[in-house]
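Q: One structure coming up, written as structure tokens, with questions to follow.
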Amino acid sequence: MDDWILSERPEAPEEACGVFGVYAPDEQVSRLIYFGLHALQHRGQESAGIAVADGHTMTLRKELGLVPQVFKEGDLDTLEGHIGIGHTRYSTTGSSSSWENAQPMLSSIGPNTIALAHNGNLVNTVELRDKLKGVGIRFRSTTDSEVMVTLINHFTQKHHAIRGGIREAMKLITGAYAVVMMSEEALYAFRDPNGVRPLVLGTLPAGAGWVIASETCALDIVGAEFVRDVAPGELIKISSAGIESEQAVEPGRTALCIFEFVYFARPDSSMYDCTLYEARQKMGAAIARSAPADADLVIGVPDSGTPAATGFAQASGIPYGEGLAKNRYVGRTFISPSQMLRQQGIKLKLNPMKHMLAGKRIVVVDDSIVRGNTTRKLVALLREAGATEVHMRITSPPVAWPCFYGIDTDTQEQLIGAMKTVDEIRDHIGADTLAYLSVEDMVAATGAPAESYCLACFTGDYPVEIPDSVRQGKMALESGVSC
Ligand code: SF4
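The sequence shown finishes on residue 492 if you use our numbering, and the numbering steps up by one all the way, no holes.
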């Protein structure tokens, strides 16, 4: 992955948040949530949080840091209850370093306390926030998620029912949201009408309860069985009355983020009945056919480029090898919250293996190029290690449009795919050759039709309209907003 990294604002794809929820009447769910969040750590590494309820009382713990840094054994013991939600955060809007912006977000109005965990990004946050401020509501964080939980609680008062509150809020909020939410008595899950961010429903063994998660890998870790996706526009309630589902808002055009397949989701997760490992292998095989290279060795940029590199090797007949060792105890480079840290990131993470590379013509398979700076450093590292030729193969098309749906990229001017031709990018990164996968081949590798996806960062065709004010960027509320 190139530098899906922070600058002053988010743009097109960079991942943002994992969510997990459990309803299990005879269990202390805090440990299940802890392990669920562990499986979703790749979706957000800035903060982690768990809220639980026992039917009467709600308890919340959240902190900046990785899941094991935030929760110790004793913390989990104090989180008592059979209902719970959890969150791992990567900020796309709002400051990354503020405790208030960590999730779950709590809202208490009158007798109602609800907690919410959100993956995605609303595009009308400023407008909604201004309306709520107009009726005297004050905010503690700069996130769109606090606006959402407050709006829901506000409407819950009006309807005297949480589901009524969620339904009315869903009619007003626009953008991407995959949400788990809880009261003291029930677990809720709902998803935007386009289904931009993933959300799945599973069952615990022996009918012990229900699980909602961003990805199937988080079901696997707690031994839950995948049941189905939460449908676009669907609202689910799980309580002592069992599971209830309704179509809270009309579904729009289905627009699951294609970047889940390219990079974001874990390779052992499945979407649209396809494991992401398999889809990435097919992407690698497809670019081997569309842009072959005369080379001695195929390597992937670990971890996300590895399945695609094996696919390239199988399709091309060029041997596959590991040419880059990754320090797995350093976060993904795009998580680094400053330019200086980002520049250090690749040195911390990737070390070229000279004995594999020296004197060889190398095909390097990676999933994307955003700004191009990280890829340029990578090519230089490979040459320093003795590679005689470097042929970059990217398993997605050029990223030329910013994302407003929960992925952090820069302004269009900072996206190298928007500003330069492929030949110019090749020269910028210093590769001998450079080729990108076509939109058609990328989609074909997933096994689902193009109409199932948001492809906006490659095509500029946004499934949810973006107000001009949102294009101002990540810090709109801080100057402005987030999840
Ligand atoms: S613009 Fe669409 S495809 Fe691109 S990262 Fe955002 S949600 Fe995903």
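C-beta atoms are modelled at their ideal positions from N, C-alpha and C, and glycine is treated no differently. These numbers come from a predicted model, not from an experiment.
Would Gly58 and Lys71 qualify as a contact pair, given that the criterion is a beta-carbon distance under 8 Å?
A: Position 49 of the sequence shown holds residue 58. Position 62 of the sequence shown holds residue 71. Yes, the pair counts as a contact, with Cβ atoms nearer than the cut-off.
Q: Just to confirm, are Thr225 and Val205 a CB contact at a threshold of 8 Å?
A: By one-based count along the sequence shown, residue 225 stands at place 216. By one-based count along the sequence shown, residue 205 stands at place 196. It is not a contact, given that the beta carbons lie outside the stated cut-off.
Q: Is the segment 423-435 in contact with the segment 356-373, if contact means three or more CB pairs nearer than 8 Å?
A: No, they do not touch.
Q: When the Cα atoms are used, what is the spatial distance from Ala465 to Pro406?
A: Mapped onto the sequence shown, residue 465 falls at position 456. Mapped onto the sequence shown, residue 406 falls at position 397. Roughly 11 Å between the two C-alpha positions.
Q: Is Ile425 a contact residue of the ligand SF4, with contact defined as CB to any heavy atom under 7 Å?
A: In the sequence shown, the residue the question calls residue 425 occupies position 416. It does not: the Cβ of Ile425 is nowhere closer than 7 Å to a heavy atom of the ligand SF4.
Q: Since Ala295 and Val307 should fall inside the 8 Å C-beta cutoff, what is the C-beta to C-beta distance between them, to a whole number of angstroms?
A: The count along the sequence shown starts at 1 and reaches residue 295 at position 286. The count along the sequence shown starts at 1 and reaches residue 307 at position 298. That belief does not hold up - the Cβ atoms of Ala295 and Val307 are roughly 14 Å apart, past 8 Å.
Q: Determine the direct distance from the alpha carbon of Ala111 to that of Ser56, and round the result to whole angstroms.
A: Numbered from 1 along the sequence shown, position 47 holds the residue referred to as residue 56. Numbered from 1 along the sequence shown, position 102 holds the residue referred to as residue 111. Cα-Cα distance, rounded: 6 Å.
Q: What residues in its chain sit with their C-beta under 6 Å from that of Ala457, if we drop five residues either side in the sequence?
A: Along the sequence shown, read from residue 1 onward, the residue named residue 457 stands at position 448. Answer for Ala457: Tyr281, listed in chain order.
Q: Compute every distance between the C-beta of Phe270 and the non-hydrogen atoms of the ligand SF4, then say whether any falls below 7 Å.
A: Residue numbering aside, residue 270 sits at position 261 when the sequence shown is read from its first letter. Checking the Cβ of Phe270 against the ligand SF4 gives no.
Q: Using DSSP with H/G/I as helix, E/B as strand and the rest coil, what is Ser325?
A: For the purposes of this step, residue 325 is identified with residue 316 of the sequence shown, where counting begins at 1. Ser325 falls in the helix class under three-state DSSP.
Q: The ligand SF4 and Ala454: does the residue's C-beta get closer than 7 Å to at least one heavy atom of that ligand?
A: As a working mapping, residue 454 is identified with position 445 in the sequence shown. No - the ligand SF4 has no heavy atom lying nearer than 7 Å to the Cβ of Ala454.
Q: Mapping the DSSP letters down to three states, classify Trp219 as helix, strand or coil.
A: For the purposes of this step, residue 219 is identified with residue 210 of the sequence shown, where counting begins at 1. In the structure shown, Trp219 sits in a strand (DSSP, three-state: E or B).
Q: Beta carbon of Val399: closer than 7 Å to some heavy atom of the ligand SF4?
A: Counting from one through the sequence shown, the residue named residue 399 turns up at place 390. Answer for Val399: no, Cβ out of range of the ligand SF4.
Q: Can you list, in chain order, the residues of its chain with a C-beta nearer than 6 Å to that of Arg341? Leave out the 5 residues immediately preceding and following it.
A: Position 332 of the sequence shown, counting from 1, holds the residue named residue 341. Summary for Arg341: the model assigns pLDDT 46, below 50, so the residue's position carries little reliability, and this model does not support an answer.
Q: Within the continuous beta strand (DSSP E) that includes Leu390, where are the two ends?
A: Here residue 390 refers to the residue found at position 381 of the sequence shown. Here Leu390 belongs to no beta strand (DSSP E); instead the alpha helix (DSSP H) covers Asn382 to Glu393.
Q: Nearest to Ser313 by alpha carbon, out of Val473, Tyr286, Ala322 and Lys386?
A: To locate residue 313, count along the sequence shown from 1; it is residue 304. Of Val473, Tyr286, Ala322 and Lys386, the residue nearest in Cα terms is Tyr286.
Q: Using the Cα positions of Asp63 and Ile247, report the straight-line distance between them to the nearest angstrom.
A: On the sequence shown, position 54 is the one that residue 63 refers to. On the sequence shown, position 238 is the one that residue 247 refers to. Going from the Cα of Asp63 to the Cα of Ile247 covers about 14 Å.
Q: Please report how far the alpha carbon of Ser345 lies from the alpha carbon of Thr151, in whole angstroms.
A: If you number the sequence shown from 1, residue 345 lands on position 336. If you number the sequence shown from 1, residue 151 lands on position 142. Confidence at Ser345 is low in this model, with a pLDDT of 46, below 50, so its placement is unreliable and the value that follows should be read with caution. Going by the C-alpha atoms only, they are around 20 Å apart.
Q: Under the assumption that Met401 contacts Ala454 (Cβ atoms under 8 Å), give the Cβ distance between them as a whole number of angstroms.
A: Counting from one through the sequence shown, the residue named residue 401 turns up at place 392. Counting from one through the sequence shown, the residue named residue 454 turns up at place 445. Not quite, the Cβ-Cβ distance comes to about 19 Å (not below 8 Å), so this is no contact.
Q: Once the 5 residues before and after Phe44 are set aside, which same chain residues still bring their CB inside 7 Å of it?
A: Position 35 of the sequence shown, counted from the start, is the residue given in the question as residue 44. Taken in chain order, the residues that qualify are Ile230 and Val231.
Q: Reducing DSSP to helix, strand and coil, say where Gly426 ends up.
A: As a first step, residue 426 must be located in the sequence shown, where it is residue number 417. Gly426: helix per DSSP, three-state reduction.
Q: What is the rounded straight-line gap between the Cα of Gly129 and the Cα of Ala444?
A: By one-based count along the sequence shown, residue 129 stands at place 120. By one-based count along the sequence shown, residue 444 stands at place 435. The alpha-carbon atoms of Gly129 and Ala444 are separated by roughly 30 Å.
Q: Where does Gln256 land, buried or exposed, given buried means 16+ other C-beta within 10 angstroms?
A: Within the sequence shown, numbered from 1, the residue matching residue 256 stands at position 247. Exposed, because fewer than 16 other Cβ atoms sit within 10 Å of the Cβ of Gln256.
Q: Does at least one heavy atom of the ligand SF4 sit under 7 Å from the Cβ of Leu464?
A: One-based indexing of the sequence shown puts residue 464 at position 455. Under cutoff, so the answer is yes.
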